[in-house]
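Chemist:
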Amino acid sequence: MNESVLPMLVPVAWYQVLAAVLFAIGAMGVLFRRNILVIFMCVELMLNATNIAFVAFARHLGSLDGQIIVFFVLAVAAAEVSVGLAIIIDVFRKRGTVDLAAANILKG
Amino acid sequence: MWIFFLLALLVVAGALAVVLLPNPIHSALMLVFTLMATAGIFLTLGAQFLAVIQVIVYAGAIMVLFVFVIMLLNLRAGEGGEESLHRKTGLGQILGIGLAALLMLQIGLLVLTGKPSLLKSIHPAAELEAQAGGHSQAIGLLLYGKYLLPFEVASVLLLVAIIGAVALSRRHLVIGPGRDESTEEVP
Amino acid sequence: MGVGLPMDVVLGVVIKCLVFFFIVVTAVAYMVQFERKVIAHIQSRIGPSRVGPMGLLQPLADALKLISKETIFPRGADKVLYLLGPVFASAPAFLSYAVIPVGPNLSMFGQEITLYLADINVALLFIFAVASINIYGVFLAGWSSNNKYSLYGGLRSSAQMISYELGMGLSVMGVIMLAGSFSLVDIVNAQAKMPFLLLQPVGYLMFLIAGLAEINRIPFDLPEAEGELVAGFHTEYSGMRFGLFFLGEYANIITTSCIAVLLFWGGWNGPGVTQYPWLGPIWFTIKLVPHLFFMVWTRGTLPRFRYDQLMGFGWKVLLPIGLANILITGLIIALTQR
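Protein chains in written order, with our numbering: chain A, 555 to 662; chain B, 465 to 651; chain C, 1184 to 1521.
(1) Would you mind telling me which residues of chain C sit closer than 7 Å to S600/B, beta carbon to beta carbon, in chain order?
(2) Report the option in N1372/C, M1377/C, I1436/C whose CA atom is closest to the CA atom of L1391/C.
(3) For D653/A, which of helix, strand or coil comes out of DSSP?
(4) Would the region 1421-1436 of chain C count as touching the region 1355-1366 of chain C if we require 3 or more Cβ pairs under 8 Å?
(5) With a threshold of 16 other CB atoms inside 10 Å of the CB of E1253/C, please say whether the residue is buried or exposed.
(6) Return the chain-ordered ranges of every alpha helix (DSSP H) run that is complete within the region 1435-1501 of chain C and spans a minimum of 4 residues.
(7) Exposed or buried, which one is G609/B when buried takes at least 16 other CB atoms within 10 Å?
(8) Look at the Cβ atom of G560/B, then the Cβ atom of L628/A, and state whether they are nearer than 8 Å.
(9) So for N1372/C, helix, strand or coil by DSSP?
(10) For I517/B and M1237/C, what's the separation of their Cα atoms in angstroms?
(11) Would you kindly work out how many angstroms separate the C-alpha atoms of F1425/C and P1486/C, rounded to a whole number?
(12) Per DSSP, what kind of secondary structure is N589/A in: helix, strand or coil?
(13) In terms of residue numbering, what span does the alpha helix (DSSP H) encompassing K1248/C cover?
(14) Take the Cβ of V531/B as the centre, count every other Cβ of all protein chains shown within 10 Å, and call the residue buried at 16 or more, exposed below.
(15) CA-CA distance, L606/B and R587/A?
(16) Should the region 1447-1454 of chain C be regarded as contacting the region 1361-1379 of chain C, the criterion being three or more beta carbon pairs within less than 8 Å?
(17) Going by CA-CA distance only, name the one from I1229/C, V1192/C, F1204/C, K1499/C that's closest to S1346/C.
(18) Please list, in chain order, all residues of the same chain as E1397/C whose beta carbon is under 8 Å from its beta carbon, the five residues on each side excluded.
(19) If I measure Cβ to Cβ from M494/B and keep anything under 7 Å in the same chain, skipping five residues before and after, which residues do I get?
(20) Report yes if the CB atom of N1508/C is closer than 8 Å to the CB atom of V1321/C, and no otherwise.
(21) Less than 8 Å between CB atoms is the rule here; does W1498/C satisfy it with respect to chain B?
(22) Leaving out the 5 sequence neighbours to the left and right, which residues in its chain are closer than 6 Å to P1275/C when beta-carbon positions are compared?
(23) Quick check: what's the CA-CA separation for I626/B versus G1497/C?
(24) Is V624/B buried or exposed, if buried means 16 or more other CB atoms sit within 10 Å of its CB?
(25) Could you compute how far the alpha carbon of A631/A sits from the alpha carbon of V592/A?
(26) Between the region 1317-1343 of chain C and chain B, which residues of the former have CB atoms less than 8 Å from a CB of the latter, in chain order?
(27) Can you tell me the Cα-Cα spacing of A1342/C and V1192/C, whole angstroms?
(28) Relative to the C-alpha of G1453/C, which candidate in V1355/C, P1287/C, N1304/C, F1477/C has its C-alpha closest?
(29) Between the Cα of L474/B and those of S491/B, I505/B, G510/B, N487/B, spot the shortest distance and give me the residue it belongs to.
(30) On the criterion of 16 or more Cβ atoms from any shown chain inside 10 Å, does H1474/C qualify as buried, or is it exposed?
(31) In or out: K1331/C buried (at least 16 other Cβ within 10 Å) or exposed?
(32) Ignore the nearest five residues each way along the sequence and tell me which others in I1250/C's own chain have a CB closer than 6 Å to its CB.
(33) What does A610/A reach in chain B if we use C-beta pairs closer than 8 Å?
(34) Please confirm if F1416/C has its CB atom under 8 Å from at least one CB of chain B.
(35) Mind checking A631/B: buried by the 16 CB within 10 Å criterion, or exposed?
(36) For A607/A, does the count of other Cβ atoms within 10 angstroms reach 16, so buried, or fall short, so exposed?
Structural data, given as structure tokens:
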């Protein structure tokens, strides 16, 4: 519980590497998957990657502001998911599938 | 040190599984796993409060919503839930791979040639926490002091999201092309 | 990390973990026995009485029976998830005992012994986090069984648990505001003079109701409503896999009761504890038993909610009351501390 008093054991760069790798994986998922739900999850992965980066930098700079930003990311993620999933359910009701290719009603 | 690398490995493995598994419910569960490992990463950074909140909000609420929707739509593998991973590679994908490669290259360069000053760790926010009388207290003070306005904006955002979600999922507002909307009843 | 810790400290922690685990498992087994006895008496029966004196060995017999039964895979089940379901349902239930303190520090064998495994400064949140993982057990079981009753049970319980987790979180906020800490040890110490039950009666009631709903007990046991869903999410489970669900459910009953005691009844505080610290766990147990009885009592007497009533109650009654409670508590704290 006194972990926060200990000096940082891992260089901050490694955390950034982890965040970047996670972000890249998420981005790949968004680009390559067709299931809207999975794409959505991959967006969450990317948000998560930024969270890691924020917390790591907060630790590195000796402030808590980065951690506060993560709270806002969480709030935005929650809002985004609730609306997004409502839209997905709507798409599913209309089209009977969650394939991204089916959501092309706006295509001219 | 080794704890970080173990957790990092778990995070990356989980993330890969999210992207690569064909069944959406497996993806969702692996995402839960990834998020919990991320909470572990937060712990190594001394952010206990955030780690617990991460589990409560992400794993306990957001992902439950995901799994709930997957179950509600009852997507089994092969019934529109599954898909072939090799969808036609368009310009977007190529660009994406290019960008990711660039990102990776930069990271590699950063790690290999990174200035030692960047790798030096500064003493954590111990004074801040000592002043406030605890980790959670320090975060609370910041959240309701310095970041009060963003906090209120976030709450408005959540309210809007609630209203939006309710409005979107109201049955009689759906103007569909003659489909029977009452296919699934509320469980 | 983990390096540099002296061997005897590590050994002490391991022994404490084992002792705690043993106590909890025994307590869970006898919780089942307790429930069967009480329900039997409510219904003018005697309950289990054949195995051992007064039927006291019945839990052992039950365990043997469950272990020796055949485990069945339903056709079309998702095997990995099917196996993970019971694990997710029972493991978190035991995890939360790591942060539950049952007494003040004791000196025994010439050294100070703490009656908890860990006093982390976010203990209460930790319990909530663990409880939220618990949902996945129900989810996985309901989904992977390839059975419509299981699926409906899983869907229902997920919606119910999310809804009532809010109510539960709000109900304890008042206590956290009064104690100014998430640490359960701090919260108990803050009640040395007066249990929070007197300051937070509304919060306490809300906690009990939401707690019943969280652990899927009657009158909120819609996920396993026998009349409509056979047995809900664990319809397809048999043998020890079913036993794990059972274990998890009863462990959760005890956890919820423990938290109610810690947050509202002053934990181990009681007359004479400051002089004789060993009285702490005894007071704790004395306060725990009425809560356990309450959980059984509701099952023996109350009918089940209808699903829309359940959700309506959670969102339209519990939530506003909880928010009002927080508001009033905050106002009073702000007014009295200035």
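Think of the CB as a built atom: it goes at the ideal place given N, C-alpha and C, for glycine as much as any other residue.
Modeler: Here's the rundown:
(1) N1304, V1305, F1365
(2) I1436/C
(3) strand
(4) no
(5) exposed
(6) 1462-1484, 1490-1495
(7) exposed
(8) no
(9) helix
(10) 46 Å
(11) 25 Å
(12) strand
(13) 1241-1251
(14) buried
(15) 39 Å
(16) yes
(17) K1499/C
(18) A1314, M1344, Y1347, E1348, M1351, N1435, T1439
(19) G478, A481, V482, L485
(20) no
(21) no
(22) V1313, I1316, N1317
(23) 16 Å
(24) exposed
(25) 15 Å
(26) I1318, Y1319, F1322, L1323, G1325, W1326, L1334, Y1335, G1337, L1338, R1339, S1341, A1342
(27) 43 Å
(28) P1287/C
(29) I505/B
(30) buried
(31) exposed
(32) M1423
(33) L509
(34) no
(35) exposed
(36) buried
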